[in-house]
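Visitor:
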Amino acid sequence: MNPLAAQMPALQVIVPMLMAPFVLLLPRGLSWAAAAAASLLAFGIAAQLTATVIDSGPVAYQMGSWPAPYGIELSVDALSALLLLVVTGASSLALVGGRASLAAAVGEDREHYFYAAWLLALAGLAGIAVSADAFNIFVFMEISSLASYVLVAGGPDRRALPAVFKYLIMGTVGATFYLIGIGLIYMMTGTLNLADMELRIAEVADKEPILAAAGFITVGLALKAAIFPLHVWLPNAYTYAPHIATAFLAACATKVSLYVLLRFDFFVFQQNLSGHAFQFAAYLMPLAILGILVGSGVAMFERNVKRLLAFSSVAQIGYIMLGASLVSIGGLTAATLHLFNHALAKGGLFLAIAALAPLAAGLRLKDMGGMARQAPWTFAAFVVAGLSLIGIPGTAGFVSKWYLVSAAMALGAPGIALIGVVVLGSLMAVVYVWRIVESACFGEPPENPARSAAVPRPLGAAIWTAALANVYFGIAPGLPLRLSSSAAATLLGHVPA
Amino acid sequence: MSAQQTILVAVALPLFGALGIALAARIGANFREAATLLTAAALAYCVWSLAPSLLEGARPAVSVAEVLPGIEIAFAVEPLGMLFAALASLLWIINSLYSVGYMRGNREPHQTRFYVMFAVSLAATIGIAFAANLFTLFLFYEALTFATYPLVAHKGDKSTVASARVYIGVLLTTSIGLFLPAIIWTYAAAGTTDFAAGGILEGKLHGPAVGLLLALFVLGIGKAAVMPVHRWLPAAMVAPTPVSALLHAVAVVKAGVFTVTKVIVYIFGIDYLFASPGTGWLVYAAAFTIIAASVVAFRQQNLKRLLAYSTVAQLSYVVMAAAILKPLAEIGAAIHIVAHAFGKITLFFAAGAIYTAAKKTELHELRGIGRRMPVTMAAFTIGALSMIGVPPTGGFVSKWYILAGAFEADNYVALFTIVASTALNAAYFLPIVYMAWFAPESGKPPPTHGEAPWPSVLALSLTAALTIAFFLFNGPVLELERQVVAAP
Amino acid sequence: MQVLGIYYYWVFAILLMIGFYAVIAKLNLVKKLIGLTLFQAAVFLLYIAMGKMEGGTAPIYGASAEAFSSPLPQVLILTAIVVGISTTALGLGIVVRIKEEYGSIQEDEIQEIDRR
Amino acid sequence: MTVLFGIFLLTLLLITAVAIVRARNLFVAVMLMGIASLLIAASFLLLDAADVALTEAAVGAGVSTVLFLSALSITSERERASSSRPLISLAVVTAAALIVIYSTFDKPRFGDPEAPVHSHVSPWYIEKTEEYMEIPNMVTAVLGSFRGYDTLGEVFVVLVAGIGVLFLLSGGPGFDSGKSPPPWAKAGLRHYLIPRVAGRLLIPFILLLGLYIQFHGEYGPGGGFQAGAIIAAAVILYALLEGEQNALKVLPRPVLIGLMAGGAILYGAVGVLGILMGGNFLDYSVLAADSVKGQQRGILLIEAGVGMTVTGVLLSIFHSFAARRR
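Protein chains in written order, with the working numbering: chain A, 1 to 497; chain B, 1001 to 1488; chain C, 2001 to 2116; chain D, 3001 to 3326.
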């Protein structure tokens, strides 16, 4: 066996992380290549880790060889493996395809800073996914957040700046809430290791500081994950970021916070807080439902294509939360699966927007006129990803909605209402996706001769990779399904029957 | 080639054909049309080659991929599907012939897109016909919706796009909002969505749930155009006539009623459904649709819209026949799919030929047109007679079986509906026929046109001939469809 | 001693509240960042207070020391302070660019300009 | 006595905080922030947190003040409109505070040696630092080795902030590539004799203090971060006295970026070396034949890395602000 195999959890984080300072030092021309190479390597490591997790179960790693509750432990299980695939995959695809688009948005004289920040965002997100230590998660959350602020601030429109400022304020408040939460837990348990915390929290589960901690952690992470109604930073940040960065962040940034939320609510609190299962469902389910309906509703009337898709993200986060709030194997499978599938769909859509935007005068719906003729292949891929977003069978989005509806059905009569919400949300998705399709197919092409010629080849390839992945995982969802059902079993294994 | 391979080839062939058509279009229009006809012929050969073994009782099946546990993409050929596929593939050849005349005669733009999407639509249709379970069927059902959207919106002007929006809006809304939940419910209750003789739901659902699920299915399958989800069908008439003819008289709408029939026969099982309370409403719903649509058709002034509402009514014949839940009626449902297809495609072809040759679309413009276009109007007359159900046309055969089934079930609502709608059909078709042949020609200056281009005329003559032939030689079809209701 | 112990937590809560108020209610972007800094400083106080042990000394081995206050919260807060100043620096960088692009660092004015 | 002093400090802190929020002049607010930081630092000292107190003083009263002032000199000093939605904000804030206060009802007794914080993980550190590392400062031991991965993360947080400010301020209308620096940037306080002489005298001592804190961190309070901040402060003082351009001549931009990246790389390289020598990432025991020596060597190296990055980033940020056209 490869001697490096045991080091994979650490390498997953430090490969992109250490490449970042090198990008600062390397000649300018090489920064994109270095970033893309590191990202692809990280994707390879994630694939390797996933294989290991599937073959032989979770992998643990002791940083600095210090034993678990004292040193920092990394651990990779099915849920983190799924997340790692999403994060590294989205980053690699966006980087490989996005060179030209980023150069245009950011400017070649400062793009090495941008690529360094990109790598650190990637390292931060991956670091959260592999970490098994509450405070370490905070540190990597801050790396990824600060780096994402830089990515968003790279947008060419000046409106990116107020957007990113709002993002920074809300993100920092969220992180600080999280810090208060783990501080209170630490005060009551004396530990920061998640597994240790779960054991030790049992004795003090009904004390006030733990209850307050659960509140602070949930609200803090909900801010970071843009769960309705704490999503207000998201639409503008996604709209004004460089298109490629939007594709990357939309695919995975909020998902990682959701992942931490799931970890805490199921691993740390679920077994221990009296009546917590009730609280989790009671508080998050209405928010999830409102998120689905309001997000989709706003998207239906939004005129800017990117903001439309951003509001759709608010709704999609609602689906993930809805699945999780059912607190059942089926619901959690649906939630984790949708985490994966939505990343595929939304990543593909934003990549396609990155390709179409230079051909259009702007990003309003009417600017999309004639896109279907101007870039038929790219637009076809956009439609495929859009169908996945709606949840049409044969695409990945369908599989997770299938699971979500099945899980809701298992609830009996109240489940019918939830199915109604999912169905209504999907129908609203039909409307907002179709508004784009219709204006692209039949809208008047604006009379603007200053359009650039064509979609760059690598970007086209990346878009089609994403689109085909949507189809592939819609027909053969074996891999994500296996990971997510295993993740659901692990998450629920911590809930008393 | 084994039967399994033949099935896969039949589904894939139109897709590759679409690619071939797109490539051939780069050489020239003639090559493109040749590729279309060639693909259509090859498809028909493939599909029809499956028929003999099926008559002997073979049921070839093939599985492609397992998407979820218990949910596969799989194909299986059974008599209903065989009939539908055979019908669609046969009429595609004739329709392609007609399209050549129509599209050239009217100098339509985007002809390559038209032929390519048409081939894709056919692939989806064959997929629906051969689907082995509800999931696969739904997959191709949605594919058909999307593939036909560019055909409906072909003209691309504002009002066309608006109509196309109604088309895709209604179809997607009903399928995602009702049909899909129904499928998931079925899966949750039965653990499978496979079509099986005698149904899969017996004993799995009880009481009003059966009626509710049936309602989800019938209204969710918007393509069957049972009121109130029929709105898309008149809206789709903005499409070029060949699209209306094949897709909205044959492939798409028939996919709808075919699916309804299949759900009733193979998912519920007719005996189970007959025994369950709260399922009788479907006959009333279909009956209402038949009468109401006929009345609306009676009031139309535009020929294509009249044909559209006539289609809505005729589709509900199939639904009503299936809902009578008696073997004879189920056979009637199956052969009405065929009989109506031959008759209605003839009528659309005629309407399109009139538009191509004379640019006329309104009923009052048709006075005396029989003298200028005798072949076309002769075919139109045959089609109209078939709609009414007059011998010697195919329409008579299927109505006969439906009536027999209604008698068997003592279903007087159905009996009354059939009689009343026959009268209404006669009331709106016969005046047109009379006017076309016997009324004096109007218009100044007097029109000088003759028949439409020969491929169109040839095509509509062929389908008119088929309408009559189906009255005379329906033996194999009946024999095949008896197997549907034979004891499992 | 217990009075002081309770007082630490109350000060933490009130300081948190003051900082948080400035973050949400103030329209000036620099003032928001100042509020954010106070907000974070309150949390530092929470951690350090819980690490204190009665009769302990700073966690550095010495001749006379027997009991030590816990080193772990101190380490965590060292990291958190650094994270905080990094956030502030980045935030100030954004504020400077906003001033240059919009000519204002008042949230309401910026929204007004964007609406135009 | 300690109790009274503690209560006095905290009360003063609250008063200062209210004054900060109410102050309409941002310059005043920033200066008050410095005072609040010093008050917090003093409170930390009372709570046995010498390292944190030093850091809070260096960061809160030093770095943070300099950054805010540099930003204010570009933006504006006055806060114009007051607050929006004060009532809603107050409600939200009060709710949060009530939850916090609620959470303190059932907490362990203050300073209780039996509290989980003191009884679970912490005794292990107190016991093992001696055994594994033979250094007196447990905070440095935990920071550098036991939880060295967090500190690695911290370095990269600083690095991102540096990258971010460089990225943001290397474009836009105020960007000046250095071709035509304003006159004050060249001169500084060169023409004012007394500050100049006093300053020049101070600088070597500050640098020395920085180096001392850098390398003495294993024995007393201090370490790479504090040292980096102090060394940066010395250079900033030099820039104020001699003009920003002259400071740039001593430490040009590429050198600063080199420091920034180099420190992070040094830290990472020590970790990777652990892997190459057969241990896990950041396992310093394998760096030398004797594992205690290895730990000490590792901590020394990573502290150096921290110091480099912090110095580089702080100076880069300072120069980025200073170079803006205003």
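We put the CB at the ideal spot given by N, CA and C, even for glycine.
In this text, all values refer to a predicted model and were calculated from it rather than measured experimentally.
Beta carbon of THR1376 of chain B, beta carbon of LEU1385 of chain B: below 8 Å?
Guide: Sequence index remark: in the second sequence, residue 1376 of chain B carries index 376 (1-based). Sequence index remark: in the second sequence, residue 1385 of chain B carries index 385 (1-based). Not a contact, by the Cβ cut-off of 8 Å.
Visitor: Could you check whether the segment 47 to 54 of chain A touches the segment 3277 to 3297 of chain D, counting it as contact only if at least three pairs of C-beta atoms, one from each stretch, sit closer than 8 Å?
Guide: These segments do not touch.
Visitor: Taking only beta-carbon positions, decide if PHE3044 of chain D is within less than 8 Å of chain A.
Guide: For the purposes of this step, residue 3044 of chain D is identified with residue 44 of the fourth sequence, where counting begins at 1. Cβ-Cβ to chain A under 8 Å: no for PHE3044 of chain D.
Visitor: Contact between the segment 1464 to 1484 of chain B and the segment 2008 to 2027 of chain C is defined here as three or more beta-carbon pairs at a separation below 8 Å; is this criterion met?
Guide: At 8 Å Cβ cutoff, the stretches do not touch.
Visitor: If I follow the unbroken beta strand (DSSP E) through ALA1074 of chain B, where does it start and stop?
Guide: Residue 1074 of chain B sits at position 74 when you count from the first residue of the second sequence. Per DSSP, ALA1074 of chain B belongs to the beta strand (DSSP E) from 1071 to 1076.
Visitor: Determine the DSSP secondary structure at TYR1045 of chain B, reduced to helix, strand or coil.
Guide: Counting from 1 along the second sequence, the entry for residue 1045 of chain B is found at position 45. TYR1045 of chain B: helix per DSSP, three-state reduction.
Visitor: Taking only the alpha-carbon atoms, compute the straight-line gap between ALA1065 of chain B and GLU142 of chain A and give it to the nearest angstrom.
Guide: Numbered from its first residue, the second sequence carries residue 1065 of chain B at position 65. Numbered from its first residue, the first sequence carries residue 142 of chain A at position 142. Their Cα atoms are separated by approximately 43 Å.
Visitor: Using a Cβ cut-off of 7 Å, pull out every chain B residue sitting near TRP402 of chain A, in sequence order please.
Guide: Sequence index remark: in the first sequence, residue 402 of chain A carries index 402 (1-based). Chain B residues near TRP402 of chain A: LEU1068, ILE1184.
Visitor: Using the beta-carbon count (16 or more within 10 Å), is PHE3005 of chain D buried or exposed?
Guide: As a first step, residue 3005 of chain D is located in the fourth sequence; it is residue number 5 there, counting from the start. PHE3005 of chain D should be labelled exposed.
Visitor: Apart from the five residues on each side of it in sequence, which residues of its chain come closer than 7 Å, Cβ to Cβ, to ALA3247 of chain D?
Guide: Residue numbering aside, residue 3247 of chain D sits at position 247 when the fourth sequence is read from its first letter. Result list for ALA3247 of chain D: VAL3235, TYR3238, ALA3239, in chain order.
Visitor: Compare the C-beta of ILE14 of chain A with all C-beta atoms of chain D and state if any pair is closer than 8 Å.
Guide: Taking the first residue of the first sequence as 1, we reach residue 14 of chain A at position 14. So yes, ILE14 of chain A belongs to the interface.
Visitor: Just the Cα atoms here: how many angstroms apart are SER56 of chain A and VAL1047 of chain B?
Guide: Position 56 of the first sequence, counted from the start, is the residue given in the question as residue 56 of chain A. Position 47 of the second sequence, counted from the start, is the residue given in the question as residue 1047 of chain B. When rounded, the distance between both Cα atoms is 48 Å.
Visitor: What residues of chain C sit near MET187 of chain A, judged by a beta carbon separation below 7 Å?
Guide: One-based indexing of the first sequence puts residue 187 of chain A at position 187. By Cβ distance, chain C contributes MET2050.
Visitor: In chain D, which residues lie with their C-beta within 8 Å of the C-beta of TYR2021 of chain C?
Guide: Counted from its first residue, the third sequence places residue 2021 of chain C at position 21. Under the 8 Å cutoff, chain D gives VAL3021, SER3089, LEU3090, VAL3093.
Visitor: Looking only at C-alpha atoms, which of D:ILE3126, D:GLU3131, D:TYR3149, D:GLY3243 sits nearest to VAL3139 of chain D?
Guide: Indexing the fourth sequence from 1 puts residue 3139 of chain D at position 139. Checking every option, the nearest Cα to that of VAL3139 of chain D belongs to D:ILE3126.
Visitor: Below 8 Å on the Cβ atoms is my contact criterion, and I expect LEU1247 of chain B with LEU1307 of chain B to pass it. Report the Cβ-Cβ distance as a whole number of Å.
Guide: The residue labelled residue 1247 of chain B in the question sits at position 247 within the second sequence. The residue labelled residue 1307 of chain B in the question sits at position 307 within the second sequence. About 13 Å separates the two Cβ atoms, so there is no contact after all.
Visitor: With 8 Å set as the bound, which would you pick, yes or no: does the beta-carbon of LYS3107 of chain D sit closer than that to a beta-carbon of chain A?
Guide: If you number the fourth sequence from 1, residue 3107 of chain D lands on position 107. At least one chain A Cβ lies under 8 Å of LYS3107 of chain D.
Visitor: Would you report the Cα separation of SER1276 of chain B and ALA1414 of chain B, rounded to the nearest angstrom?
Guide: Within the second sequence, numbered from 1, the residue matching residue 1276 of chain B stands at position 276. Within the second sequence, numbered from 1, the residue matching residue 1414 of chain B stands at position 414. Distance between the alpha carbons of SER1276 of chain B and ALA1414 of chain B: 19 Å.
Visitor: Is the beta carbon of GLY3164 of chain D sitting closer than 8 Å to the one on VAL150 of chain A?
Guide: Counted from its first residue, the fourth sequence places residue 3164 of chain D at position 164. Counted from its first residue, the first sequence places residue 150 of chain A at position 150. Yes, these two residues count as a Cβ contact at 8 Å.
Visitor: Would you list, in sequence order, the uninterrupted alpha helix (DSSP H) runs of no fewer than 4 residues that lie entirely inside the segment 97 to 168 of chain A?
Guide: Fully enclosed alpha helix (DSSP H) runs of 4 or longer: 99 to 106, 111 to 130, 134 to 153.
Visitor: Can you name the residues of chain D whose CB is closer than 9 Å to the CB of VAL2043 of chain C?
Guide: The residue labelled residue 2043 of chain C in the question sits at position 43 within the third sequence. Simply none; closest approach about 10 Å.
Visitor: Which ranges does the alpha helix (DSSP H) cover as unbroken runs of at least 4 residues, wholly within the segment 1162 to 1240 of chain B, from first to last along the chain?
Guide: You should have 1180 to 1190, 1208 to 1220, 1232 to 1235.
Visitor: Taking any Cβ of chain C, which residues in the segment 167 to 186 of chain A have a Cβ under 7 Å from it, in chain order?
Guide: Correct list: LEU168, ILE169, THR172, VAL173, THR176, LEU179, ILE180, GLY183.
Visitor: Return the chain-ordered list of same chain residues with a C-beta closer than 6 Å to the C-beta of ALA1153 of chain B, the five sequence neighbours on each side being excluded.
Guide: For the purposes of this step, residue 1153 of chain B is taken as residue 153 along the second sequence, with counting starting at 1. Answer for ALA1153 of chain B: THR1160, VAL1161, ALA1164, listed in chain order.
Visitor: Determine whether the beta carbon atoms of VAL2095 of chain C and THR3075 of chain D lie at a separation below 8 Å.
Guide: Numbered from its first residue, the third sequence carries residue 2095 of chain C at position 95. Numbered from its first residue, the fourth sequence carries residue 3075 of chain D at position 75. Yes, they are a contact pair.
Visitor: So with CB distances below 9 Å, who are the chain A contacts of TYR2047 of chain C?
Guide: Residue mapping note: residue 2047 of chain C aligns to position 47 of the third sequence, counting from 1. Residues of chain A passing the Cβ test: LEU179, GLY183, TYR186, MET187.
Visitor: Going by CA-CA distance only, name the one from B:GLY1177, B:HIS1230, B:PHE1438 that's closest to LEU1213 of chain B.
Guide: Start at 1 with the first residue of the second sequence, and residue 1213 of chain B comes out as number 213. Taking only the C-alpha atoms, the option nearest LEU1213 of chain B is B:GLY1177.
Visitor: How is the beta strand (DSSP E) around ALA3049 of chain D delimited, first residue to last?
Guide: To locate residue 3049 of chain D, count along the fourth sequence from 1; it is residue 49. ALA3049 of chain D -> no beta strand (DSSP E), and no H or E assigned at all.
Visitor: From the DSSP output, in three-state form, read off LEU74 of chain A for me.
Guide: Sequence index remark: in the first sequence, residue 74 of chain A carries index 74 (1-based). Note: LEU74 of chain A maps to strand in three-state DSSP.
Visitor: Name, in chain order, the residues that DSSP records as bridge partners for VAL1062 of chain B.
Guide: Locating residue 1062 of chain B in the second sequence gives position 62, counting from the first residue. Bridge partners of VAL1062 of chain B: B:PHE1075.
Visitor: Would you tell me roughly how many angstroms separate the C-alpha atoms of PRO449 of chain A and LEU349 of chain A, rounded to the nearest one?
Guide: In the first sequence, residue 449 of chain A corresponds to position 449, counting from 1. In the first sequence, residue 349 of chain A corresponds to position 349, counting from 1. The predicted model places PRO449 of chain A with a pLDDT of 48, which falls under 50 and marks its position as unreliable; any figure quoted below should be read in that light. PRO449 of chain A and LEU349 of chain A: Cα-Cα distance of roughly 25 Å.
Visitor: When you compare only the Cα positions, how much space is there between ALA372 of chain A and ASN136 of chain A?
Guide: What you label residue 372 of chain A is simply residue 372 of the first sequence in a count that begins at 1. What you label residue 136 of chain A is simply residue 136 of the first sequence in a count that begins at 1. Between ALA372 of chain A and ASN136 of chain A, the C-alpha separation is close to 47 Å.
Visitor: Enumerate in chain order the residues of its own chain whose CB-to-CB distance from VAL1166 of chain B is below 8 Å, with the five nearest sequence positions on each side excluded.
Guide: Against the second sequence, residue 1166 of chain B aligns to sequence position 166. ARG1231, TRP1232, ALA1235, listed in sequence order.
Visitor: Checking contacts by CB at 8 Å: is ARG3147 of chain D closer than that to chain A?
Guide: Walking along the fourth sequence from the start, residue 3147 of chain D turns up at place 147. Yes, ARG3147 of chain D counts as interfacial toward chain A.
Visitor: Can you have a look at SER3084 of chain D and say buried or exposed, based on whether 16 or more other CB atoms are within 10 angstroms of its CB?
Guide: The residue given as residue 3084 of chain D occupies position 84 in the fourth sequence. By the neighbour-count rule (16 or more Cβ atoms within 10 Å), SER3084 of chain D is not buried but exposed.
Visitor: One question on the structure: do HIS338 of chain A and LEU261 of chain A come within less than 8 Å of each other, judged by their Cβ atoms?
Guide: Taking the first sequence and counting its residues from 1, one reaches residue 338 of chain A at position 338. Taking the first sequence and counting its residues from 1, one reaches residue 261 of chain A at position 261. No, the pair does not count as a contact, with Cβ atoms beyond the cut-off.
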